[in-house]
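So the structure is just underneath, and the comments pick up after that.
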Amino acid sequence: MKEMFIMAGDTPMHVADTERGDKCAVLLHGYLESMVVWDEFVPLLSKHMRVVTLDIPGHGISNIRGEVHTMEYLGDCVALTMEALGIERYSVVGHSMGGYVALAMYDKYKEHLDSIILLSSTPSADSAEKCDRRRREIELVKAGKKSTMARLVPHAGFAPDNVKRLKDYIEDLEELIMITEDEGVIAILGGMIERKDRNDMLRTCGIPHMFIFGRHDFYIPNDVAEELVARHPEAEVVWLDNSGHMGFIEEPERCAEAIISMVTR
């Protein structure tokens with residue numbers, strides 16, 4: 028992949044691009060991640076499509092712009108990056124928080140979207156309880172205790188049976204959290220607290236969309252996922268039977284197969 032910096036409006040974006048393929052997918056990482064999480068997954072897709080990855084502002088080495096990064100602002104950054112790359116149409120694959128950004132893109136950029144794939148993600152807004160939990164995370168970061176998050180968050184992302192097998196990935200994710208700038212974490216958390224419920228939008232959007240859920244996802248339990256499936260009969264659904272929240276790492280081949288089927292049709 029070719030790595031570069033691109034200006035998305037006034038925001039410098041760290042981007043990688045395989046540069047070849049008639050169809051294109053942009054992969055949007057989740058909270059406390061960066062584009063490096065896709066490194067071993069991209070080769071499974073790149074034989075079939077062009078693949079773009081990027082550091083969402085506030086994570087990796089893309090810039091931090093302001094105290095709150097709304098999902099709409101982040102969606103603007105992604106769309107302007109794709110425009111700068113000269114890519115007119117593309118599918119958006121959003122992991123967890125990346126799915127929130129993908130959904131926010133629809134309102135302004137739907138003419139550019141071939142499909143939306145929500146990978147361990149949801150169109151629902153945060154509950155009051157979850158908003159409170161995010162505010163506590165903000166206070167934890169401000170208190171200099173991000174290491175507590177680094178110990179807990181990556182481990183919880185994997186199905187229990189995969190924790191030992193994927194220990195090296197978990198350690199890498201812990202390190203990734205520690206090097207993520209505090210201001211970026213706070214800005215992203217603020218944006219997730221503010222985000223809209225987009226269930227109605229997704230149901231009526233008129234472009235193909237898919238949920239990919241892990242059967243052992245701590246963050247999106249089966250009952251929540253099943254309720255979303257019932258609310259969205261128009262969506263395609265793929266279940267990863269041996270995954271938690273990190274299906275593209277836990278079951279990469281099955282996850283890639285689902286994405287390829289949507290993007291290349």
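Residue numbering for the sequence shown is 28 to 292, as defined by this note's numbering. Cβ coordinates follow ideal geometry from the N, Cα and C atoms, glycine included.
Look at Pro39 here: in three-state DSSP terms it is strand. Pairing Phe240 with Ala257 gives a Cβ-Cβ distance that is not under 9 Å. Counting only residues of its own chain and dropping the five nearest sequence neighbours on each side, Thr231 has no CB closer than 8 Å to any other CB. Taking 9 Å as the cut-off, the beta carbon of Glu280 is found no closer than this to the beta carbon of Val95. Ile91 places its beta carbon 9 Å or farther from that of Ala186.
Setting aside the 5 residues that flank it on each side, Ser61 is surrounded in the same chain by Asp82, His86, Gly87 and Leu203, each with a C-beta closer than 7 Å to its C-beta; the list follows chain order. A distance of 9 Å or more separates the beta carbons of Val53 and Met124. Between the alpha carbons of Glu99 and Glu138 lies a distance of about 16 Å. Around the beta carbon of Lys173, 16 or more other beta carbons lie within 10 angstroms, which makes this residue buried.
With respect to Val78, Thr38 sits apart: the two C-beta atoms are not nearer than 9 Å. Note on geometry: alpha-carbon atoms of Leu112 and Leu101 lie some 17 Å from one another. Nearest to Thr149 by C-alpha distance, out of Val128, Arg292 and Glu156, is Val128. For Tyr117, DSSP records a beta bridge to Leu140. Straight-line spacing of the CA atoms in Ser270 and Ala170 works out to 33 Å. In the three-state reduction of the DSSP assignment, Asp227 falls in the helix class. Straight across, the Cα-Cα distance linking Trp266 with Glu166 is about 35 Å. Relative to Arg160, the option among Ser288, Met219 and Ile287 whose CA is nearest is Met219.
The C-beta distance from Met132 to Leu145 rounds to 12 Å, too long to meet the 8 Å contact threshold.
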